[in-house]
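Student: So for the sequence shown, the working numbering puts the first residue at 72; every next one is plus one.
Note that beta-carbon positions come from the ideal geometry of N, C-alpha and C, so glycine has one too.
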Amino acid sequence: MKAAPARRPPRPTARLALTLAAAAAVGVVGTLTHERHRTPPGPARPGPSAAAPVHATPGSPGIGDPLMPLDGNGGYTVRHYTLDFDWRAPRTAFDAGVTISATATQALSRFDLDFAGNTLRTVTVDGVPAKAVREGDELVVTPAKPIPHGAAFTVRVAYLADPTQHRHRDDAIQDYGWMPTADGTVLSPQPDGAKMIFPVDDHPSLRAPITFHVTTPPGLSAVANGRLVERRRRPDGRVRWTYDSEQPIAAQLVQLAIGRFTFVDSTGPRGLPVRDVVPTGDLVGDTEAYRALTSEHLAWLERRLGPYPFHRYGVLVGDTDLSVALETQSLSVVPSADLLGDRVDAERNLVHELTHHWTGDSVAIRRWSDLWLSEGHARFYERLYSDEHGGRSIEDAMRSAYAQHEQWRRDDGAPAEPAEDTLFRQMRYDGSALVLYALREKVGEQAFERIERAWVTTYQGRVAGTRDFIALASKVAGRDLTPFLTPWLYGAHTPPMPGHPDWQVDPVVN
Ligand SMILES: [Zn+2]
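This is the structure we're talking about:
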């Protein structure tokens, strides 16, 4: 995400509780039961069905991320999602379904999905109706029979999707979830809004490939992450679009847009397919000059970080009140306003989202507290590019970030110690780019470049966290960087900047 919020006073951390309470109030319709409180597992009860020697227990409702403890789920691994969306009209509920192929990592008596969608209809497990209960953002599924450890199983959830559904984060100054447009929608699911779109394992460290089937009225197009596999006109005139994400994707990076679109195809370095998706009309021509720079941006980043890690790329121009861009995998969504102003600003935004495809999309974060690795890198290369292309010098920008760093540390938490409601504040952007800048000053440019290349190569397509980064940087630099990076990332105060003894920290204001 390219969020550059102005500093705001910290808020009390009541948001999560409020959100859960509000979501719990949504309840459940139809024949599904609704329990406000989950029954504890209790002792295994022998009975006529106890023939199977399986001591099945509930999968955990979250993966235990301290910042968003109920996000993701335990007890199974998702291997694939298939979404079936029968889109009707803007801001209009439509029939939706998801098919989840998963493998049990324990004997499961029940399991959770993350789901905050509007109206649940039916849930089946391996074709058999399952009991489904909603508790806040958790959908608790109890299959008719326990699922043995190691077994593959298929969950189907039918629901009514509501494309007006979104939530708000003050720290990112924006709504997230479905982002309605005049003739359709785009998505901005970060950080945990995918659960409003479909039932999912909604945590950035959890990834699976997705197949999208979206049916649209004639005249409208659907786009999603990855490759367009098929576009088929049905006898009733509606069009069914099929996309394949090609590579596993985290829920927060899912993109699905519907509208009157013009597709603009081009080719990036090494023949990489590039497809921009632009609302049909003036925006096609008006955004062309900056969109055409993508190939240059790709080449510039490849010189620093190695080959682009996905099979294709493109910019989806968001003609909506979406306030920030987002690195949705292989198809970044960029607000039209970002592409209509000053060139230096436009390139900063474009390079930022593209950089995320190496850091954040390909190298996924392990926990939300590792967000500095994703946003810090995106901001660092955005500033480095800008420095070399007519923008502000990175040294000047980092000197200014250094001056504010103690204040950010106080208000937003240290770079690797955000609170749930300070995640997307400046400390994760310029405040974290500053940590990388300090590392570069400490080890020298050549060693820093080797560290960076090793980071995106070693962890390509994998999950990595702060400890992994410190360990890898130390290994590549040939010295233990723990004593240097720890106070930068976790300390109560910002350390001196190597090589810049004259840099000053502004006094902290209450
Ligand atoms: Zn970002």
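Could you check whether residue 205 and residue 184 sit closer than 8 angstroms to each other, using their CB atoms as the reference points?
Tutor: Not a contact, by the Cβ cut-off of 8 angstroms.
Student: Who pairs with residue 231 in a beta bridge, going by DSSP?
Tutor: Answer is 166 and 190, bridged to residue 231.
Student: Around the C-beta of residue 359, are 16 or more other C-beta atoms found within 10 angstroms, so that it is buried, or is it exposed?
Tutor: By the 10 Å Cβ count, residue 359 comes out exposed.
Student: Less than 6 angstroms between C-beta atoms, sequence neighbours within five positions excluded: which residues of the same chain meet that for residue 168?
Tutor: Cβ neighbours of residue 168 beyond the five flanking positions: 155 and 229.
Student: What does the alpha-carbon distance come out to for the pair residue 401 and residue 175?
Tutor: Spanning the two alpha carbons is a distance of roughly 29 angstroms.
Student: Starting from residue 202 and walking both ways along the beta strand (DSSP E), at which residues does that stretch end?
Tutor: Run containing residue 202: 202-206, per the beta strand (DSSP E) assignment.
Student: Specify the secondary structure class of residue 463 as computed by DSSP and reduced to three states.
Tutor: It is coil, neither helix nor strand.
Student: Starting from residue 502, trace the alpha helix (DSSP H) in both directions and tell me its first and last residue.
Tutor: Unbroken alpha helix (DSSP H) run through residue 502: 501-514.
Student: Measure the C-alpha to C-alpha separation of residue 355 and residue 574 and round it to an integer number of angstroms.
Tutor: Distance between the alpha carbons of residue 355 and residue 574 is about 45 angstroms.
Student: Between the segment 397-414 and the segment 317-329, can you find at least three pairs of beta-carbon atoms closer than 8 angstroms?
Tutor: As far as the Cβ criterion goes, the segment 317-329 touches the segment 397-414, which means the pair count is three or higher.
Student: Could you compute how far the alpha carbon of residue 476 sits from the alpha carbon of residue 487?
Tutor: C-alpha separation (whole angstroms): 13 angstroms.
Student: Assign residue 366 to one of three DSSP states: helix, strand, or coil.
Tutor: Reduced to three states, the DSSP call for residue 366 is helix.
Student: Does the beta-carbon distance from residue 513 to residue 569 come in below 8 angstroms?
Tutor: Taking 8 angstroms as the Cβ cut-off, residue 513 and residue 569 qualify as a contacting pair.
Student: Within its chain, find whatever has a CB closer than 7 angstroms to the CB of residue 519; leave out the 5 residues flanking it on each side and keep chain order.
Tutor: Contacts found: 510 and 511.
Student: How far does the beta strand (DSSP E) with residue 281 in it reach, from first residue to last?
Tutor: Per DSSP, residue 281 belongs to the beta strand (DSSP E) from 281-287.
Student: For the beta strand (DSSP E) that residue 350 lies in, which residues bound it at each end?
Tutor: Unbroken beta strand (DSSP E) run through residue 350: 344-350.
Student: Go ahead and pull the three-state DSSP assignment for residue 522.
Tutor: Note: residue 522 maps to helix in three-state DSSP.
Student: What would DSSP say about residue 307, mapped onto helix, strand or coil?
Tutor: It is coil, neither helix nor strand.
Student: Output the boundary residues of the alpha helix (DSSP H) element that contains residue 139.
Tutor: From DSSP, residue 139 is part of no alpha helix (DSSP H); its letter is neither H nor E.
Student: Counting along the chain, where does the alpha helix (DSSP H) carrying residue 21 start and finish?
Tutor: As displayed, the chain neither begins before 72 nor continues past 581, which places residue 21 out of reach and without an answer.
Student: By a C-beta neighbour count over all protein chains shown, 10 Å radius and 16 as the cutoff for buried, is residue 221 buried or exposed?
Tutor: Classification of residue 221: exposed, given that the 10 Å Cβ count is below 16.
Student: Which runs of the alpha helix (DSSP H) fall wholly inside the segment 237-294 and span at least 4 residues, in chain order?
Tutor: With a minimum length of 4 residues, the continuous alpha helix (DSSP H) runs that stay inside the segment 237-294 are 265-268.
Student: Between 297, 553 and 207, which lies nearest to residue 541 when the distance is taken from Cα to Cα?
Tutor: Looking at the Cα atoms, 553 is the closest of the given residues.
Student: If you draw a straight line from the alpha carbon of residue 232 to that of residue 417, how long is it in whole angstroms?
Tutor: Roughly 34 angstroms separates the two Cα atoms.
Student: The alpha helix (DSSP H) that contains residue 356, what's its start and end?
Tutor: Run containing residue 356: 353-357, per the alpha helix (DSSP H) assignment.
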